[in-house]
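Per full-length UniProt numbering, the sequence shown starts with residue 1, numbered consecutively.
Working notes for the structure below.
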Amino acid sequence: MRSDHARLNTGRLMPLLGLGTYSSSNDREATQHAIKMALKMGYKHFDTAKIYGSEPALGGAIMEAITEGLMEREDIFVTSKLWSSDHHDPLSALNQSLQNLGLEYVDLYLVHWPVGFKPWAVYPIPNEEDFDKMDMEATWAGMEKCLGLGLCKAIGVSNFSTTKLQRLLDFASIRPAVNQVEMHPMWRQNKLRKFCGEHKIHVSAYMPLGGPGNLWGSTAIVRDPIIQSIAHKHKATPAQVALRWSMQNGASVIVKSFNEDRMWENKGALDLKLDDYDMLNIEKLQERKIMRGDHLINNTTSPYRRIEDLWDDEI
1 MRSDHARLNT GRLMPLLGLG TYSSSNDREA TQHAIKMALK MGYKHFDTAK
51 IYGSEPALGG AIMEAITEGL MEREDIFVTS KLWSSDHHDP LSALNQSLQN
101 LGLEYVDLYL VHWPVGFKPW AVYPIPNEED FDKMDMEATW AGMEKCLGLG
151 LCKAIGVSNF STTKLQRLLD FASIRPAVNQ VEMHPMWRQN KLRKFCGEHK
201 IHVSAYMPLG GPGNLWGSTA IVRDPIIQSI AHKHKATPAQ VALRWSMQNG
251 ASVIVKSFNE DRMWENKGAL DLKLDDYDML NIEKLQERKI MRGDHLINNT
301 TSPYRRIEDL WDDEI
């Protein structure tokens, strides 16, 4: 198996480095330009979702690249996600995503959150009245139907705790191939990674650098003295060290930057090798959930407080 890929429980290979396509401005032209640039750099894995609004830009960039003879569809790994207001009909939701993308299939389709929203809640930050009951067994049956029809090559989940995963495994005919969660050197997901490893569920890390530049992000990881010392030792950057830590723990990473220099820098993590001493030093870092940090959890007015309340344990 190629060292820059993970093998899913379906037998298919998934590139360890993925480019996230969410942008707060959701400028189609800028997003499509960045994706096209990434394709030329050699990025093969792209992460989108209905709620991001980036599916048309991603599909457009892929079609341009194929038309220009840069690659074939089979060379690209595309991930999209089922939004929480679409749990009642994953098949229709995926068909809409495929129409947005202009593709016949996606390589991976994920349940975006383990919660349901009312049909009108088609925006990323929910209000209290937007939450709805969810029948996960029915949702997963719909996901399995999408897989059976060949509209996706693998199905999985996102933001699922070990408890939520176990409940899913209790009735699922097909195990999820992936669980995409926040993970980085300051939020290492030890319990979840152990559980997923035991059940052959691949862990994919979003915010692998702590989301610097995002509303809920932080630069704490790239500024940490231990991370910086390891980077200096290897003539690498702190970002490359953080990304490589996730990869050496068996996870893929979804990076988010449309800046050309940063995109090259992130790609350089594939060539880095951390030694055992480096990995042990990173274990000394204080754990800190950045996106779901204390400033959110302790804020009872936060829209994500309701999602926290619906999780049964730390994910």
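Note that beta-carbon positions come from the ideal geometry of N, C-alpha and C, so glycine has one too.
Measuring C-alpha to C-alpha distances from residue 91 to each of 195, 149, 170 and 240 identifies 149 as the nearest. By the Cβ test, the segment 17-33 is not in contact with the segment 154-165, since fewer than three Cβ pairs between them sit closer than 8 Å. In the three-state scheme derived from DSSP, where H, G and I count as helix and E and B as strand, residue 160 is classed as coil. Three or more pairs of CB atoms, one per stretch, sit closer than 8 Å, so the segment 130-146 contacts the segment 102-118. Remark: C-beta atoms of residue 108 and residue 152 approach each other more closely than 8 Å. Under the three-state reduction of DSSP output, residue 113 falls in the coil class, being neither helix nor strand. Residue 83 is positioned such that its CB atom lies closer than 8 Å to that of residue 50. Per DSSP, the unbroken beta strand (DSSP E) holding residue 253 starts and ends at 252-255. Taking the CA atoms as reference points, residue 94 sits about 42 Å from residue 284.
Under the rule that a run must span 4 or more residues, the alpha helix (DSSP H) segments found entirely inside the segment 236-275 read 238-248 and 260-267. Taking a contact as a CB-CB distance under 8 Å, the pair residue 39 and residue 6 does not count as one, their CB atoms being some 20 Å apart. Non-local C-beta neighbours of residue 87 in its own chain, meaning closer than 6 Å and more than five positions away in sequence, comprise 116, 134 and 139, ordered along the chain. Secondary-structure assignment with DSSP links residue 6 through a beta bridge to 14. Residue 229 and residue 30 have their alpha carbons spaced roughly 35 Å apart. DSSP places residue 202 inside the beta strand (DSSP E), whose first and last residues are 202-206. Minimum Cα-Cα distance from residue 260 among the listed residues 174, 121, 22 and 35 corresponds to 35. If you draw a straight line from the Cα of residue 258 to the Cα of residue 266, it comes to about 11 Å. Membership of residue 81 in any alpha helix (DSSP H) is not indicated; the residue belongs instead to the beta strand (DSSP E) covering 77-82.
Collapsing the DSSP output to three states places residue 125 in coil. Following the DSSP letters along the chain, one finds residue 234 inside the alpha helix (DSSP H) bounded by residues 225-234.
Distance check between residue 122 and each of 80, 52 and 41 places 52 closest, using alpha-carbon atoms only. Between the segment 183-199 and the segment 229-239, the count of C-beta pairs closer than 8 Å stays below three; the two stretches do not touch.
Of the candidates 281, 67, 168 and 204, 204 places its Cα closest to the Cα of residue 47. Taking 8 Å as the upper bound for CB-CB distance, residue 241 and residue 270 are not in contact here, some 13 Å apart. With at least 16 other beta carbons inside 10 angstroms of its own, residue 58 counts as buried. Membership of residue 190 in the alpha helix (DSSP H) is indicated by the continuous run 190-198.
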